[in-house]
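Contents: one structure, followed by commentary.
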Amino acid sequence: MKRHPLTAALLRPQFAALAAVLFINWLLFPGFFTITWQDGRLFGSLIDVLNRGAPVAILAIGVTAVIATKGVDLSVGAVMAISGAVAAVMVSSGTPATIAIPVALLAGLVCGFWNGVLVTYLDIQPIIATLVLMVAGRGLAQLITEGSIVTFSDPLLSFIGTGAFLGLPMPVVIALVLMVGATLAVRRTALGLLIEAVGVNRSAARFAGISSRLLLLLVYSFAGVCAAIAGLIVAGDIRGADANNAGLWLELDAILAVVLGGTSLLGGRFSIPMSVVGALIIQAMNTGILISGFSPQFNLVVKSGVIILILVLQSPMAAQWMGRHLSFLTSPRNRSAK
Amino acid sequence: MNRALRPLLATTAIFLLAYIAAVLQYPSMLSTRVLGNFLTDNAFLGIAAVGMTFVILSGGIDLSVGAVIGFSTVLIATLIMWAGLHPLLAFAITLVISAAFGAVMGAAIHYLKVPSFIVTLAGMFLARGGASVLSPDSIGIKHDLYTNISRSYILLPGGGRLTVIAMIMLAVFVLGIILAHRTRFGSYVYALGGNETSAALMGVPVARTTILVYTLSSTLAGIAGIVFSLYTSAGYSLSALGVELDAIAAVVIGGTLLTGGYGFVAGTFIGVMLQGLVQTYIVFDGTLSSWWTKIVIGGLLFLFILLQRLVFSASSPRKKAFRKS
Amino acid sequence: MQSKAELWQAGNGGQDMADGETPVLEARGITKIFGQHRALDGVDFAVRPGEVHALLGENGAGKSTLIKILTGAYQPDGGEIVLEGAPIRFTDPLNAQGAGIGTVYQEVNLLPNRSVAENLFLGRQPTRFGLVQRKAIVTEATALMAAYGLDIDVRAELGSFSVAVQQIVAIARAVELSGKVLVLDEPTASLDRNEVEKLFEVVAKLKARGLGIIFITHFLDQVFALADRVTILRNGQLIGTRDLRELTATEVVRMMLGKDLAYGHSTLPVAEAAKGPVKVTFTGLGRAGRVAPFTLSLHEGEVVGVAGLLGSGRTEMARLMFGVDTADEGEIMVSGKPLKIRNPAQAVMAGFGFCPEDRKLDGIFGELSVRENIIIALQAKLGWFRALHRDEQDEIAGRYADDLDIRAASHDMPVKLLSGGNQQKVILARWLANDPTFLILDEPTRGIDVGAHAEIVRTINRLREEGLALLVISSELDEVVAYSNRVVVMRDRQMVAELHGADITPAVIVAAIADNTGSAEARI
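Spelled out as structure tokens, the structure:
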């Protein structure tokens, strides 16, 4: 019997991990699952997890495709700062948000495109190519804000960070729309398959007639746009642009979310929704640590623990060990083929 | 001419030209006072950058150095102020812990076959987190030794001061140069960065060298932490935020190839000084803001990555296979 | 360390040669199995001190497996290795090096980023107080290089020298470290004539010194110029070890490709010339250093076989046609219209298909499913937005899987789990799904179990009948004869012959491949 695809998806370990973290949170804080309706929107810890997790989820949506091509983007945190700065400075100097927001997104696009050009046309390794913007990007953001925290009171921009739609916080709505949109965009077109093909075997992709350059440009540009959206949310949330701290270290959270979601750093198969689940696992841990009264910095320790666990589980050594000690789980035929 | 020398010469030329231009504009920048401050203000960065040079030469990267510096300052502060230990004992404990930390990261990179940036990223989280678990707040350090050290310096002709921490940095650079260019370990590091498969076939102890490289980097980050605590007389979990990026930039601007195998420890010194020059110029100027530092550093980083591609890819027909980096 | 002066006079080299019957290194009944594939089957091999022993065989013959076993990179599944009369087990290449077996690879396995001196002394630099004695190393290295006839600045980085110099440095290091047996794995593949001569001088000196030298190459003239004996492998089997003074080049080629004259007059049908219109024409296509300009037209419903030894330029020719490498000169006409092909994507748009020789590296997407592997080229041609619906994908994959009899438990399983033959068929299906006009197959039966060979040959014949133009590169001459309307022969990166009709027999092809290389002057 074939399982329904949705059932199979829900049986993945990521959902078990998310459920486990949520369960622990519930043990720590019995009111964790309580959701109330107030002032036309939902409130509760669970909603908070979704809301706080949205920026990293949005970054992860962009970074997923980059990692699927065997690349990585270290600059998304800095790009967040740039887009937030652009939007904040524009609206605070009187430009309507309807113009400021597209310009901020364009800034993200340009940043991503720049990364893509370095990776495809100058053939610089992704980690190094995106490092340049990681270093300089924050300086650019500060240049735009002239070093101060630019505050604003534009209703549209702050709505993006703090508003609600159909009872759900705006960041959650945006992340959902982006997740569904990006998933459809890669799965209803050939993009998803072509990206995976390039990530699995770039040489074979070339022989099969795939032009990987355009594809890589698209993927890095999209990561830049996603970062810009996340930057707008963070800026809207605090009604200001803080070039120093906006998106600080979030590129690393985004990569972690993608890896948690099951996309290999060596490229290939990817799943955007699973990366979002990865981002939610991270946020659920953050929230859990917060409500249990530990210092918020403590979740860095937990996060590093999670990375180490994943690395150990994914390593060839672990596979060998499991092959030796758990060989009764595999059929004799599998063993002889090894 | 040795290809690897070209980026280094370019850096040196850029530094000299930039310094001359700065002096022409602000003649007072040509003084031992400014130079002394250069060294003192960038001592912790320079020390960490020496370790980063070895890591990058070996073909890896270490994102944890800033966090290890931060952790070290907090550990030293808690050991001295709360546990009442003598600073020298606190330093020794800090160095042992940071060395062990690096060794574990190196072992993970080698045995788990994971890219170094992921492992050292986990290390960064762990060290920052550990530091804030020890103490989320800044702890001031008050001890006679600290006062004495900050008061002692060698007076340079022209009124400049060569402080103890500047001397520590210079010593680290000298030892780093000897280690890289005059020992077997140094030649193994270059061999790993050149081609790991060849290196293994030629009898380079790959596991030991990898572990030692990261041990060295973390130990030097620990020393940088000591220096930072002497510099600020405090321990704070968020100190030296982003120093890993400054260190990487200094290494690359100093002419070391980011993919490993080529470069000089001495070049890193110039890279650090160039960053110091940019900062000092901005302070002298007064109208430019500090964020220009990051933009200029980012621009230089890009320039040198581009330069390296031109110098190294044009003339080397055999491309290295994809490496963990 | 041994002084450089005695390097070349090292004692009893001459004596060893005289009673050179005792091998310095011997492999007895070596068997190596990968999965269900027997890469080596009871192979005997022996190299004597003071001899150059050539090891020949086409790709997949087992010679690189044998070398890896002799140098400790692989462990044999059967048989034993004997070093100077005593059985020995090498745990890894370092271990073999220490026991006296040094290897020099085509892709020099040294460090191009370090100086010549450091490459020679890495890991054994003389030190004082932990500091490397750089002066001593430079002096020693300079003397060592002089002994090998090289007057170079040993402080310069290895990568700044020509490949020939790098090869000699690698040989010097291997001899210094090991000193009993030297394995030269295709050392001349990227050298020009002068460099080859230089290298041969060095090898001759080492031979006189009493080293056993194993020499692997594709160039027959070099085998005759340098080697004393030859061992030939085919399909993991030992074909024979012979004294080269008793052999002609034609005989060597015949042993490599498995043809004898009796078999040459085969019962296979003599191919007719194709009657269809011209489909693709390559006029003066060439690229400096890879393939000399060649001209070739292919007709509808025609198979052109390409024969030639490995390294003869046959694969390079196909890569130019498909735009994998860009041609410096020449023109391409497809169905009478001139066309520029500068990359594979353009070739695919022009209706070309290419099944590359190295399936794993250039062909399959291991993690992707059989279905995705089949539809990928069609999808690349359709572009980003005209995605094939899942039902269409299933239909296409199903059709070609049935058509080519691809045996997979499911079309959704990763293609890497399939056998080599089925993977090859998947790649073939990928191009057929694209409705090609011109198909290039590079060694389509390589690494496939013998049973599947006939199936591939039948498929090629069927595609010809369906009107496709095919270019098939193969070293299986029986098969070339069985499907080719014409055969072109490549040698030394040039197209040297075109065979028609009754000339298409293994014997004629072998003669054309061997030609010059068999002539008297090449034989010492």
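Chains as they are written, first to last, in my numbering: chain Z, 42 to 379; chain E, -13 to 311; chain F, 574 to 1097.
Here a beta-carbon is modelled for each residue, glycine too, at the ideal position from N, C-alpha and C.
Can you check which of these residues, E:Thr18, E:Tyr132 and E:Pro13, is closest to alanine 63 of chain E by C-alpha distance?
E:Tyr132
In its own chain, which residues sit with a C-beta less than 6 Å from the C-beta of alanine 246 of chain Z, not counting the 5 before and 5 after it?
Ala238, Val239 and Ser253
Contacts that alanine 384 of chain Z makes with chain E (C-beta to C-beta distance below 8 Å):
The displayed coordinates of chain Z run from 42 to 379. Any statement about residue 384 of chain Z would go beyond what the structure contains.
Using a Cβ cut-off of 9 Å, pull out every chain E residue sitting near glutamate 187 of chain Z, in sequence order please.
Ser275 and Trp277
So, with DSSP's three-state summary, where would you put glycine 857 of chain F?
strand
Three-way DSSP call (helix, strand, coil) for valine 864 of chain F in this model
strand
Skipping 5 residues on each side, what residues in its chain have a beta carbon closer than 6 Å to that of glycine 303 of chain Z?
Met315
Rounded to whole angstroms, what is the Cα-Cα separation between leucine 147 of chain Z and leucine 159 of chain Z?
18 Å
Any chain Z beta carbon closer than 8 Å to leucine 178 of chain E:
no
Are the C-beta of glutamate 770 of chain F and some C-beta of chain E separated by less than 8 Å?
no
May I ask you to report which of helix, strand or coil DSSP gives serine 233 of chain Z?
Checking the sequence shown, residue 233 of chain Z turns out to be glycine, not serine. In the structure shown, glycine 233 of chain Z sits in a helix (DSSP, three-state: H, G or I).
Cβ contact (3+ pairs, closer than 8 Å) linking the stretch 1074 to 1083 of chain F and the stretch 1049 to 1063 of chain F
yes
Taking only beta-carbon positions, decide if serine 368 of chain Z is within less than 8 Å of chain F.
Summary for serine 368 of chain Z: the model assigns pLDDT 49, below 50, so the residue's position carries little reliability, and this model does not support an answer.
Taking 8 Å as the limit between beta carbons, can you name the residues of its chain near valine 175 of chain E, skipping five residues before and five after?
Phe40, Leu43, Ser44, Ala166, Thr195 and Val199
To the nearest angstrom, how far is the alpha carbon of tyrosine 678 of chain F from that of methionine 894 of chain F?
30 Å
From the DSSP output, in three-state form, read off aspartate 833 of chain F for me.
Residue placement at aspartate 833 of chain F is poorly supported in this model, since its pLDDT is 47, which falls under 50; the coordinates still yield a value, given next. It is coil, neither helix nor strand.
Return the residues of the stretch 100 to 118 of chain E that lie within a Cβ-Cβ distance of less than 9 Å from chain Z, sorted by chain order.
Val100, Pro101, Phe103, Ile104, Val105, Leu107, Ala108, Gly109, Met110, Phe111, Leu112, Ala113, Arg114, Gly115, Gly116, Ala117 and Ser118
Close Cβ partners of isoleucine 197 of chain E (< 7 Å) along its chain, the five nearest in sequence each way excluded:
Ala89, Gly92, Ala93 and His96
If you follow the alpha helix (DSSP H) that aspartate 967 of chain F is part of, which residue opens it and which one closes it?
963 to 976
Compare the C-beta of methionine 259 of chain E with all C-beta atoms of chain F and state if any pair is closer than 8 Å.
no
Considering only C-alpha positions, which residue in the set F:Ala627, F:Ala716, F:Leu629 and F:Lys636 is nearest to isoleucine 603 of chain F?
F:Lys636
Ignore the nearest five residues each way along the sequence and tell me which others in threonine 26 of chain E's own chain have a CB closer than 7 Å to its CB.
Thr149, Ile151 and Ala152
Residues, ordered as in the chain, of the stretch 932 to 953 of chain F that lie near chain Z by beta-carbon distance below 7 Å
Leu934, Asp935, Gly936, Ile937, Phe938, Gly939, Glu940, Leu941, Glu945, Ile949, Ala950, Gln952 and Ala953
How do the stretch 329 to 337 of chain Z and the stretch 58 to 70 of chain Z stand: do at least 3 beta-carbon pairs fall below 8 Å, yes or no?
yes
Would you tell me roughly how many angstroms separate the C-alpha atoms of serine 211 of chain E and leucine 257 of chain Z, rounded to the nearest one?
The displayed chain sequence assigns glycine, not serine, to residue 211 of chain E. Using only the alpha carbons, I get a separation of about 40 Å.
Assign lysine 780 of chain F to buried or exposed, taking buried as 16 or more other Cβ atoms, counted over all protein chains shown, within 10 Å of its Cβ.
buried
Count the other C-beta atoms from every protein chain shown that fall within 10 angstroms of the C-beta of tryptophan 68 of chain E, then say buried if there are 16 or more, exposed otherwise.
exposed
Within 10 Å of its beta-carbon, does alanine 205 of chain Z have 16 or more other beta-carbons around it, so buried, or fewer, so exposed?
buried
Does histidine 597 of chain F have its Cβ less than 8 Å from a Cβ in chain E?
Looking at the sequence itself, residue 597 of chain F is valine, so the reference to histidine does not match. Answer no: the Cβ-Cβ gap between valine 597 of chain F and chain E never drops below 8 Å.
Using 8 Å as the limit for Cβ to Cβ distance, is phenylalanine 734 of chain F near chain Z?
no
Shortest alpha-carbon distance to lysine 641 of chain F belongs to which of F:Leu613, F:Gly623, F:Ala627 and F:Leu820?
F:Leu613
Could you check what DSSP says for threonine 72 of chain E in three-state terms: helix, strand or coil?
Reading the sequence as shown, one finds histidine at residue 72 of chain E and not threonine. It is coil, neither helix nor strand.
Residues of the stretch 217 to 247 of chain Z in Cβ contact with chain F at a cutoff of 8 Å, in chain order, please.
Arg229, Thr230, Ala231, Leu232, Leu234, Leu235, Glu237, Ala238, Val241, Asn242, Ser244, Ala245, Ala246 and Arg247
With 16 other CB atoms within 10 Å as the buried threshold, where does tyrosine 162 of chain Z fall?
exposed
Determine whether the Cβ of arginine 194 of chain E lies closer than 8 Å to any Cβ atom of chain Z.
no
In chain Z, which residues lie with their C-beta within 7 Å of the C-beta of leucine 244 of chain E?
Ile169
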